[in-house]
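Residue numbers (the working numbering), protein chains in the order written: chain A, 1 to 456; chain B, 457 to 763.
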């Protein structure tokens, strides 16, 4: 690993090999205990060590080959002339880009029908539920957090708290008072927005990294309270039997007044899944629409100005207190909507669903996608969430690595690694250019590297 | 009164561990202005390294008093070296290319690295808690009243002595050696330091190595004190140590140790007199309250906003 980041252009093959040997030596030091030896519980509950020389050897070999390959690729790349930073996009891309949004929305609207045509009624359930709904939830959360992080530049590591507030508002009010999903959806959003203001108020003076850690602490506090305040939230056991949303009052069940009977269809659970799919799709589209419109209002402009330079903002007479609080509140409100949808879809929630890793995943979607970019969030959600689901399906790997091999075990490891690698490759995320919100005569793409941001 | 004295002893022990981790946060923040999010997990890696080394040595030499002492010494020295190597490699691969880049990039990279470390250890060593055989079992009875005995356990003495000794050495290094001078110079003005012939990259690397070595010591102490470690044990002590660093004044080394001791005390006293379930909530609240009302910390310099 030693030679990986050296930006030397004129490297000979011997240099590359020497770096690779160094990297392998470092990797040996790092891995000799943690991979070379395995700790196992014995019968007497003490720990026994067993050696794994084969595994250690193959990993070191992989490190060596990997460093040599990276060295060669970097050497070749350094020889090629560098591309100008602000190059215009390819003409084909420029010609197709206005049609991208309608095409994508059309495709997603038709997705359940395509899935049913290709995979049949039973097979489609998995595609619509695990891929469609799951990805759309994260797109919605990503777009919600995008208001806080991408537009206002306030780094929030505790976003999952608002997701939890939304989910618990719906779950508690629906199970205790029997209120319907359609009444509780706005209530959950309002409660979450309220919590956004409560948690936003104390951190108004903080910036950047400090803000990140305090919001993380707030997220953890809410989770710990949900775990420990058993009378209120039922603790670790969570809340089960949460009522499912109805089709404007018509439930999705096999009874005579159920959805299938009313519309004269044969009963199948797929209808509910399809309904949930369209529900979260509409919710996400509302989020995107509101975000796009807000960016054109004075408040949206103020958010973006705040992100670029807080001191200049104050000098120009923008009220930073209300600007920050509205960003927190609106971001939290969308988190709350998504949370109540999540509770309604699962029928069961527990504090386990609202851990820090969830916040990190949503933040990763926003940042890896490219701050402030709506398309970026979509790309990152599809890649991260869809990638996780696909990892679960890779059963053939068991034949390569043996029966005990479980690819899902590696998902978080791969997730963390890809976060680091994407940052190294594109520190501003995958979609790093963005449309300017204000322009004179013609729209010019703003390259991300020309914009100072994230000063929170 | 006796209960209180016992809690103070326990709190100071815990505080010594937090203080050792906090020094790593505060040094890295001082020199490159970044919250090293993966530092808590470096502490956990240090703990696992110590666990395996301890089992190796006691497995070869038996479990006599001399063997345990030797094992702990090996854990400390080799553990510091190997954990330092980890942090050196992480800094070089994941943080250095992003220095001077977009401000959020190193933080995101550090969060990714934290997730990588946790899951790497989980995959490589399994998800179960790893206990070590109890060591240094007895203690000194300080006072006794109504059947309640206040003890100062031998392991607590070991923790105090080792922490004090290492922090002393570390203090000497930072204050009196050319390396320490280079470090403080980079902290004040990196560009100027490099103009004056200081290798900033090397200094930053060494800072990460020292921070990780102290975190590894904390890992050994944690293992002695609790006798068990698991892959997820880095997160909460990490956040608490960060709280300690902020409370003491981020960038200030004595502040980090002081903050660690305060956090340790608050945590044990809160568990003893209020509610053990909410002890983490207390520590996190303390972080928020400090940042809101005393952002420069107890011993830190107030941050001047420059335009």
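Built from N, CA and C at the ideal position, the CB exists for glycine as well.
Note that the structure is predicted; figures quoted are calculated from it, not measured.
Quick one: grab the DSSP three-state call for residue 348 of chain A. Here residue 348 of chain A corresponds to residue number 348 of the first chain, with the count starting at 1. Three-state result, residue 348 of chain A: strand.
Below 8 Å on C-beta distance, what does residue 757 of chain B contact in chain A? The count along the second chain starts at 1 and reaches residue 757 of chain B at position 301. Those within 8 Å of residue 757 of chain B in chain A number zero; the least Cβ separation is about 15 Å.
What did DSSP end up calling residue 624 of chain B once you bin it into helix, strand or coil? Stepping through the second chain from its first residue, residue 624 of chain B is reached at position 168. Note: residue 624 of chain B maps to helix in three-state DSSP.
Quick check: what's the CA-CA separation for residue 680 of chain B versus residue 476 of chain B? Residue numbering aside, residue 680 of chain B sits at position 224 when the second chain is read from its first letter. Residue numbering aside, residue 476 of chain B sits at position 20 when the second chain is read from its first letter. C-alpha separation (whole angstroms): 15 Å.
Determine which residues of the region 348 to 360 of chain A have a Cβ less than 8 Å from any Cβ of chain B, and write them out in chain order. 356, 357 and 360
Does DSSP put residue 5 of chain A in a helix, in a strand, or in coil? Here residue 5 of chain A refers to the residue found at position 5 when the first chain is read from its first residue. Residue placement at residue 5 of chain A is flagged as unreliable, the pLDDT there being 46, under the threshold of 50; a coordinate-derived value is accordingly withheld.
CA-to-CA distance, residue 429 of chain A to residue 323 of chain A, given in whole angstroms: Indexing the first chain from 1 puts residue 323 of chain A at position 323. Indexing the first chain from 1 puts residue 429 of chain A at position 429. Their backbone Cα atoms lie some 25 Å apart in a straight line.
Using the Cα positions of residue 678 of chain B and residue 498 of chain B, report the straight-line distance between them to the nearest angstrom. Taking the first residue of the second chain as position 1, residue 678 of chain B is located at position 222. Taking the first residue of the second chain as position 1, residue 498 of chain B is located at position 42. About 13 Å.
Is there a Cβ of chain A sitting closer than 8 Å to that of residue 561 of chain B, yes or no? Indexing the second chain from 1 puts residue 561 of chain B at position 105. It does: the Cβ of residue 561 of chain B has a partner Cβ on chain A nearer than 8 Å.
Three CB pairs or more closer than 8 Å across the region 508 to 515 of chain B and the region 459 to 466 of chain B: no
Residues in the region 699 to 732 of chain B with C-beta within 7 Å of chain A's C-beta atoms, listed in sequence order? none
Residue of B:573, B:601 and B:589 minimising C-alpha distance to residue 461 of chain B: As a first step, residue 461 of chain B is located in the second chain; it is residue number 5 there, counting from the start. Among B:573, B:601 and B:589, the Cα nearest to that of residue 461 of chain B is on B:601.
State yes or no: is the beta carbon of residue 98 of chain A nearer than 8 Å to at least one beta carbon in chain B? Start at 1 with the first residue of the first chain, and residue 98 of chain A comes out as number 98. Judged by the 8 Å Cβ criterion, residue 98 of chain A is not in contact with chain B.
Compute the Euclidean distance between the alpha carbons of residue 667 of chain B and residue 58 of chain A, then round it to the nearest angstrom. What you label residue 667 of chain B is simply residue 211 of the second chain in a count that begins at 1. What you label residue 58 of chain A is simply residue 58 of the first chain in a count that begins at 1. Rounded to whole angstroms, residue 667 of chain B to residue 58 of chain A spans 30 Å at the Cα level.
In its own chain, which residues sit with a C-beta less than 8 Å from the C-beta of residue 1 of chain A, not counting the 5 before and 5 after it? Here the question's residue 1 of chain A lines up with position 1 in the first chain. The predicted position of residue 1 of chain A is uncertain, since its pLDDT is 40 and thus under 50; a value taken from the coordinates is nonetheless stated next. Within the same chain, residue 1 of chain A has close Cβ partners 23, 26, 27, 63 and 67.
Taking a contact to mean a Cβ-Cβ separation below 8 Å, would you say residue 71 of chain A touches residue 156 of chain A in this structure? Mapped onto the first chain, residue 71 of chain A falls at position 71. Mapped onto the first chain, residue 156 of chain A falls at position 156. No. Outside cutoff.
Would you list the residues sitting across from residue 144 of chain A in a DSSP beta bridge? In the first chain, the residue the question calls residue 144 of chain A occupies position 144. Partner(s): none; residue 144 of chain A has no beta bridge.
Could you tell me whether the Cβ of residue 482 of chain B comes closer than 8 Å to any Cβ of chain A? Numbered from its first residue, the second chain carries residue 482 of chain B at position 26. For residue 482 of chain B, the answer is no, since every Cβ of chain A falls outside 8 Å of its Cβ.
Tell me which residues of the region 202 to 221 of chain A have at least one Cβ-Cβ distance to chain B shorter than 8 Å, keeping chain order. 202, 203, 205, 206, 208, 209, 210, 212, 213, 214, 216, 217, 218, 220 and 221
In chain A, which residues lie less than 8 Å from residue 488 of chain B when you measure between Cβ atoms? As a position in the second chain, residue 488 of chain B is number 32, starting the count at 1. Here the premise fails: no neighbours, minimum Cβ distance about 11 Å.
For the alpha helix (DSSP H) holding residue 254 of chain A, just list the boundary residues, first then last. If you number the first chain from 1, residue 254 of chain A lands on position 254. Careful: residue 254 of chain A lies outside any alpha helix (DSSP H) and carries neither H nor E.
Which of helix, strand or coil does DSSP assign to residue 371 of chain A? Indexing the first chain from 1 puts residue 371 of chain A at position 371. The answer is coil: DSSP assigns residue 371 of chain A none of H, G, I, E or B.
Since residue 232 of chain A contacts residue 275 of chain A with CB under 8 Å, what's their CB separation in whole angstroms? One-based indexing of the first chain puts residue 232 of chain A at position 232. One-based indexing of the first chain puts residue 275 of chain A at position 275. Not a contact, Cβ separation roughly 31 Å.
To the nearest whole angstrom, what separates the beta carbons of residue 235 of chain A and residue 227 of chain A, a pair I think is in contact under 8 Å? As a working mapping, residue 235 of chain A is identified with position 235 in the first chain. As a working mapping, residue 227 of chain A is identified with position 227 in the first chain. The Cβ separation is near 6 Å, so the contact holds.
Would you mind sorting residue 169 of chain A into buried or exposed? The rule is 16 or more other CB atoms within 10 Å of its CB. Along the first chain, one-based indexing puts residue 169 of chain A at 169. Residue 169 of chain A comes out buried.
What does residue 582 of chain B reach in chain A if we use C-beta pairs closer than 9 Å? Reading the second chain from its first residue, position 126 is the one you call residue 582 of chain B. Under the 9 Å cutoff, chain A gives 38, 39, 40 and 41.
Please compile the residues from chain A whose C-beta is within a distance smaller than 9 Å of the C-beta of residue 741 of chain B. Along the second chain, one-based indexing puts residue 741 of chain B at 285. 217 and 221, listed in chain order.
Give the straight-line distance between the Cα atoms of residue 143 of chain A and residue 334 of chain A, rounded to the nearest whole angstrom. Along the first chain, read from residue 1 onward, the residue named residue 143 of chain A stands at position 143. Along the first chain, read from residue 1 onward, the residue named residue 334 of chain A stands at position 334. Spanning the two alpha carbons is a distance of roughly 8 Å.
With a CB to CB cut of under 6 Å and the five nearest residues on each side skipped, what residues in its chain are close to residue 708 of chain B? Translated into positions along the second chain, residue 708 of chain B becomes position 252. Only 755 and 756 meet the Cβ criterion.
Nonlocal neighbours in the same chain, by C-beta distance under 6 Å from residue 469 of chain B, ignoring five residues either side: Locating residue 469 of chain B in the second chain gives position 13, where the first residue counts as 1. Counting only Cβ-Cβ distances below 6 Å, and skipping sequence neighbours, we find 612 and 615.
Which chain A residues are close to residue 750 of chain B, counting only those with a beta carbon under 9 Å from its beta carbon? Sequence index remark: in the second chain, residue 750 of chain B carries index 294 (1-based). What residue 750 of chain B touches in chain A: nothing, since even the nearest Cβ is about 11 Å away.
Please say whether residue 378 of chain A and residue 114 of chain A have beta carbons closer to each other than 8 Å? The residue labelled residue 114 of chain A in the question sits at position 114 within the first chain. The residue labelled residue 378 of chain A in the question sits at position 378 within the first chain. No; because the gap between Cβ atoms is not below 8 Å, this pair is not in contact.
Is the beta carbon of residue 518 of chain B less than 8 Å from the beta carbon of residue 672 of chain B? For this step, residue 518 of chain B is matched to residue 62 along the second chain. For this step, residue 672 of chain B is matched to residue 216 along the second chain. Their beta carbons are not under 8 Å apart, which means residue 518 of chain B does not touch residue 672 of chain B by this criterion.
Beta-carbon within less than 7 Å of residue 750 of chain B's beta-carbon, same chain only, minus the 5 sequence neighbours each way: which residues are those? Within the second chain, residue 750 of chain B is the residue found at index 294, counting from 1. Result list for residue 750 of chain B: empty, nothing under 7 Å.
Tell me which same chain residues have a C-beta within less than 8 Å of the C-beta of residue 742 of chain B, skipping the five on either side of it? What you label residue 742 of chain B is simply residue 286 of the second chain in a count that begins at 1. Once the five neighbours on either side are set aside, the close Cβ partners of residue 742 of chain B are 699, 703, 719 and 722.
Kindly say whether residue 234 of chain A, judged by its beta-carbon, lies nearer than 8 Å to any beta-carbon of chain B. Position 234 of the first chain, counting from 1, holds the residue named residue 234 of chain A. By this cut-off, residue 234 of chain A is not an interface position.
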